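Q:
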Amino acid sequence: MLGRLRMSLEDCENAYLQLSERIFAPRRQRFNIFGQTKDFLQADGRFDAVILEEAIKDVLRAYKTEDALLKDEGGPCKVFVVAVRENNSEAAVLRSYKSSSMSNVLYNECKIWEACRATSAATTFFAPVRIGKYGQRFVDGAMRYNNPVQLVHREAESLWPSRDLFILSIGTGSAPGKSFRGNLKSVVDGLKNIVTETEKTANDFYHGHRYMVQEDLLFRFNVFHGLGHIGLEENKEISAIADATEAYLDQGETGKKLEACIGRLRATITDEIPYTEFEVMQSESRGRMSESFDGQYNGTPKFTKTGRLQQLETGKAHTLCILRHRNSSELHGLDVMRVDDARQLLGVIGQIPYAYIGYTSLDFDQGNEEDLRILHQFAEAATRKLRLPAYWLPCSCMGDVENMERAVWTLCDVTNAAESLAVIVKSDRGNSTSVNLERKLVQWCSRLWSSQELLLCPRGRPIDIYDVSSAPLTTVALELSRRSLVDAAYPTANEPLQRLVDHYEGIYTLGRLDFLCLLLAYLTGGKTAAFLRGDISYVLMGFLPFRPVPDKTDSGFQALARVLLANDVDNFLERYISICPKSRRQYYTITDDFWGINLRDIRPTCQVSGVTSDFDALIVDGALGAKAIPADARGSTPSSYTSDERPRFICFHGDISATDSSSYYLPGPLRILNNGNTTTLPRPFSPDNFTLVDTLTMTAIPFQASAQPSMVLLTGMEGNMYRGLLCSYYQDKRTLFRESVVKLNSRVAEKMTRLERVQLSLFRPGRLESS
Numbered sequence: 001m002l003g004r005l006r007m008s009l010e011d012c013e014n015a016y017l018q019l020s021e022r023i024f025a026p027r028r029q030r031f032n033i034f035g036q037t038k039d040f041l042q043a044d045g046r047f048d049a050v051i052l053e054e055a056i057k058d059v060l061r062a063y064k065t066e067d068a069l070l071k072d073e074g075g076p077c078k079v080f081v082v083a084v085r086e087n088n089s090e091a092a093v094l095r096s097y098k099s100s101s102m103s104n105v106l107y108n109e110c111k112i113w114e115a116c117r118a119t120s121a122a123t124t125f126f127a128p129v130r131i132g133k134y135g136q137r138f139v140d141g142a143m144r145y146n147n148p149v150q151l152v153h154r155e156a157e158s159l160w161p162s163r164d165l166f167i168l169s170i171g172t173g174s175a176p177g178k179s180f181r182g183n184l185k186s187v188v189d190g191l192k193n194i195v196t197e198t199e200k201t202a203n204d205f206y207h208g209h210r211y212m213v214q215e216d217l218l219f220r221f222n223v224f225h226g227l228g229h230i231g232l233e234e235n236k237e238i239s240a241i242a243d244a245t246e247a248y249l250d251q252g253e254t255g256k257k258l259e260a261c262i263g264r265l266r267a268t269i270t271d272e273i274p275y276t277e278f279e280v281m282q283s284e285s286r287g288r289m290s291e292s293f294d295g296q297y298n299g300t301p302k303f304t305k306t307g308r309l310q311q312l313e314t315g316k317a318h319t320l321c322i323l324r325h326r327n328s329s330e331l332h333g334l335d336v337m338r339v340d341d342a343r344q345l346l347g348v349i350g351q352i353p354y355a356y357i358g359y360t361s362l363d364f365d366q367g368n369e370e371d372l373r374i375l376h377q378f379a380e381a382a383t384r385k386l387r388l389p390a391y392w393l394p395c396s397c398m399g400d401v402e403n404m405e406r407a408v409w410t411l412c413d414v415t416n417a418a419e420s421l422a423v424i425v426k427s428d429r430g431n432s433t434s435v436n437l438e439r440k441l442v443q444w445c446s447r448l449w450s451s452q453e454l455l456l457c458p459r460g461r462p463i464d465i466y467d468v469s470s471a472p473l474t475t476v477a478l479e480l481s482r483r484s485l486v487d488a489a490y491p492t493a494n495e496p497l498q499r500l501v502d503h504y505e506g507i508y509t510l511g512r513l514d515f516l517c518l519l520l521a522y523l524t525g526g527k528t529a530a531f532l533r534g535d536i537s538y539v540l541m542g543f544l545p546f547r548p549v550p551d552k553t554d555s556g557f558q559a560l561a562r563v564l565l566a567n568d569v570d571n572f573l574e575r576y577i578s579i580c581p582k583s584r585r586q587y588y589t590i591t592d593d594f595w596g597i598n599l600r601d602i603r604p605t606c607q608v609s610g611v612t613s614d615f616d617a618l619i620v621d622g623a624l625g626a627k628a629i630p631a632d633a634r635g636s637t638p639s640s641y642t643s644d645e646r647p648r649f650i651c652f653h654g655d656i657s658a659t660d661s662s663s664y665y666l667p668g669p670l671r672i673l674n675n676g677n678t679t680t681l682p683r684p685f686s687p688d689n690f691t692l693v694d695t696l697t698m699t700a701i702p703f704q705a706s707a708q709p710s711m712v713l714l715t716g717m718e719g720n721m722y723r724g725l726l727c728s729y730y731q732d733k734r735t736l737f738r739e740s741v742v743k744l745n746s747r748v749a750e751k752m753t754r755l756e757r758v759q760l761s762l763f764r765p766g767r768l769e770s771s
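Numbered per full-length UniProt numbering, the sequence shown spans residues 1 to 771.
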């Protein structure tokens, strides 16, 4: 009733009272002495099993579970009942969950009402019940398992092998008369055994698990006096049962034990609970959290790390601007034609050598005929100077609108195949030529797609710079190497770009992770309006070996994750989630860690396996997790959270000092550590001050966040310290939101639980603030 139907204690009590009044009506009348004697001698059921079944089903109908299976896959509460196989007297454990190490024969067959009948089939009271397609007969397990504490311990260890177990055992007073089918002798022998076996089992378990007793992990309550004369069927003796129970609870020793049990139980259920039972608690003022969270993402991701993503085909120039009178240095015009036609015209087999012409849309309007005329004039002059037969100009050679997107995504291949690069700029007339040209070079270098033109152009060939405002068609304003161009554009240094240029010039070779970090840092500075939300990622994939076909529905972060998961660059995303961002917009500024740590210095301890459609969330596997109990530094902390010695995290709303330990029932003095982000972060709403207390190391970490965290995830290590993600929870989408990041002592990992398939979003949308 409690575990499978989720009934309240009051509902359970009322249902039991109603059941007992109906089911314990004798099957034979009092005057039928022969029939009653026969039932007793043969140990046959004295009460009608049909009435019992109907009474049980009536209770289930109220919960619309009359025909429901006991099976409750993924349910937070694990339930089992013990019956005995009539044929061989062996135990049968009927479970709501699937066992990984024991038989699950009836897991997909046994209904709730059948499990109730099996565990109620005391053979001197009710007939056995048949379950399953083979009609196996089961009776109540009281003869062998009237106290199934050993089975409880075995099942719990199988489910949670790495957890400390808490066992609360409640006895039934004296044992009722139950036995197997058979004659009077078997009944008498059975009763003798039952009377002593229940407490003997409890004592044996007590002595075999003394560590549980010493750590207050094992409690047993049993009314020894006042119930011995009351049988199972005597429902009219309810008042006597209540009197005896209350007298037992009023005993001083029982009261102390009960108080200790309640405190220990509360502490246990708020400690390291695995994802199947994780309970998120949140202060009432921040009631956006659910009452429970199973921690596992069971939805369908938008894409995964192991899923096959369609790859873009290698791009190439399909259209070129072919010079007329190619051997002349004078301008004779050009023809825009398909490459196949140009090969026939030129008599060329294979690729036609061409120059790549770069410019910015800020200087030249592609819809303006005069701007196009000037562009082509200077492009022709640049190509004739290079003694090449053709050039590729984006505004004329990209193709029709229908194929524009794919042409943009494969620009890197067109740049790679070019023989040389020429850049055309338009400086403002009347300004200092050198200053104005420097500004124009910065403008071109900061253009998003110019990164591919600059970094992928041929090594060892100078880049020709033409200024249409100051230079004649036949002269070159500047002829610069790649490094000289960057130095001219950025006299005060642009470290990411300069290091990337050195890498492509062969001065040194960057590691894959450093290369990717520098490239993202450089691309973040692009000033060009995005053609699609994922343009930064589409430029990025031009530098990587695997290029997945872009999805127009992707957000900027989803597009980035798609490219990174496809290429799996040294666990980039796994490292990235442990970064403590300096700003909310930090989707791509990977190097901007609050503590200035390089991404390569973070060792991931989890795996990102996919991306979901909600909130740019990642699916994270294998992160260590533990609950952060919410509290208020301006109020009091429930002593049940801190009265025992078990370590835990407590998240205070507000600031606390090292001398505040006693005010919050903490077990010792605190050390304040600067391991949290305490700067004001740009957020969709103002951040608050919080303090995370770790009672294992007795340290307090101040930090700022937009919502009070209720979960701590360990996702990576920096040296011997863990990066701990402090997360809040949004029930509607079962999503954890990273609110802040702190550094934690590595000892805490030993006390935390490894979680599977958590849906983690790195940024909380502003609209969720009041949800």
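Each residue gets a CB set at the ideal place from its N, CA and C atoms; glycine is no exception. Here the structure is a predicted model, which means the values were calculated and not measured.
1) Smallest Cα separation from residue 573: which of 765, 602, 552 and 582?
2) How should residue 398 be labelled, buried or exposed, when 16 other C-beta atoms within 10 angstroms of its C-beta is the threshold for buried?
3) Excluding the 5 residues flanking residue 496 on each side, which residues of the same chain have their C-beta closer than 6 Å to its C-beta?
4) According to DSSP, is residue 543 helix, strand or coil?
5) Using the Cβ count rule (16 or more neighbours within 10 Å means buried), how would you classify residue 314?
6) Quick one: Cα of residue 325 to Cα of residue 544, how far?
7) Between residue 206 and the rest of its own chain, which residues show a CB-CB distance below 8 Å, the 5 nearest in sequence each way excluded?
8) I'd like the span of the alpha helix (DSSP H) that includes residue 404, first residue to last.
9) Find out if the Cβ-Cβ distance for the pair residue 407, residue 441 is shorter than 8 Å.
10) What separation, rounded to the nearest whole angstrom, lies between the Cα atoms of residue 334 and residue 322?
11) So the candidates are 460, 423 and 714; which of them puts its Cα closest to the Cα of residue 467?
12) Ends of the beta strand (DSSP E) at residue 57?
13) Where does the unbroken alpha helix (DSSP H) through residue 10 begin, and where does it stop?
14) To the nearest angstrom, how far is the alpha carbon of residue 19 from that of residue 53?
15) Can you say whether residue 8 is buried or exposed, counting buried as having 16 or more other CB atoms within 10 angstroms of its CB?
16) On the DSSP bridge assignment, give the partners of residue 304 in chain order.
17) Given a threshold of 16 other Cβ atoms within 10 Å of its Cβ, counted over all protein chains shown, does residue 832 qualify as buried or as exposed?
18) Roughly how many angstroms separate the alpha carbons of residue 657 and residue 538, rounded to a whole number?
19) How about the segment 61-77 and the segment 99-113: do they share at least three Cβ pairs that are nearer than 8 Å?
20) Quick one: is residue 453 buried, meaning 16 or more other Cβ sit within 10 Å of its Cβ, or exposed?
21) For residue 435, count neighbouring Cβ atoms within 10 angstroms of its own Cβ and tell me buried if that reaches 16, exposed if not.
22) Could you say if the segment 711-726 and the segment 127-135 meet the contact criterion of at least three C-beta pairs nearer than 8 Å?
23) Within 10 angstroms of its Cβ, does residue 373 collect 16 or more other Cβ (buried), or is it exposed?
24) Under the three-state reduction of DSSP, which class applies to residue 224: helix, strand or coil?
25) Using the rule of at least 16 other Cβ atoms within 10 Å of the residue's Cβ for burial, across every protein chain shown, is residue 366 buried or exposed?
26) Since residue 136 sits in a beta bridge, which residues does DSSP pair it with?
27) Considering only residues of the same chain and omitting the five flanking positions on each side of residue 595, which have a CB-CB separation below 7 Å?
28) Starting from the Cα of residue 837, find the closest Cα among 132, 611 and 576 and give me that residue.
29) Give the single residue among 732, 59, 244 and 3 whose Cα lies nearest to the Cα of residue 22.
30) With DSSP run on the structure shown, which of helix, strand or coil describes residue 743?
31) Could you pull out every residue in the same chain whose Cβ sits closer than 6 Å to the Cβ of residue 371, ignoring the five residues on either side in sequence?
32) According to the neighbour-count rule (16 or more other Cβ atoms, all chains shown, within 10 Å of its Cβ), is residue 102 buried or exposed?
33) Would you mind sorting residue 139 into buried or exposed? The rule is 16 or more other CB atoms within 10 Å of its CB.
34) Determine the direct distance from the alpha carbon of residue 549 to that of residue 649, and round the result to whole angstroms.
35) Rounded C-beta distance between residue 82 and residue 5? I'm assuming under 8 Å.
36) Measuring only the C-alpha atoms, how far is residue 12 from residue 202?
A: Considering the structure as presented:
1) 602
2) buried
3) 518, 521 and 522
4) helix
5) exposed
6) Distance between the alpha carbons of residue 325 and residue 544: 39 Å.
7) Its chain contains 213, 218 and 220 as the residues whose beta carbon lies nearer than 8 Å to that of residue 206, once the 5 sequence neighbours on both sides are disregarded; these appear in chain order.
8) 404-409 is the span of the alpha helix (DSSP H), which, as asked, contains residue 404.
9) no
10) 5 Å
11) Of the listed residues, the one whose Cα sits closest to residue 467 is 423.
12) No beta strand (DSSP E) holds residue 57; the alpha helix (DSSP H) holding it covers 49-61.
13) 9-23
14) 10 Å
15) exposed
16) 610
17) Nothing about residue 832 can be read from this structure; the chain reaches only from 1 to 771.
18) 49 Å
19) yes
20) buried
21) exposed
22) no
23) exposed
24) Residue 224 falls in the coil class under three-state DSSP.
25) exposed
26) 131
27) 580
28) A question about residue 837 goes unanswered here, because the residues of the chain that appear run from 1 up to 771.
29) 59
30) strand
31) 364 and 365
32) exposed
33) buried
34) 44 Å
35) The pair is not a contact, with the Cβ atoms about 19 Å apart (cut-off 8 Å).
36) 25 Å
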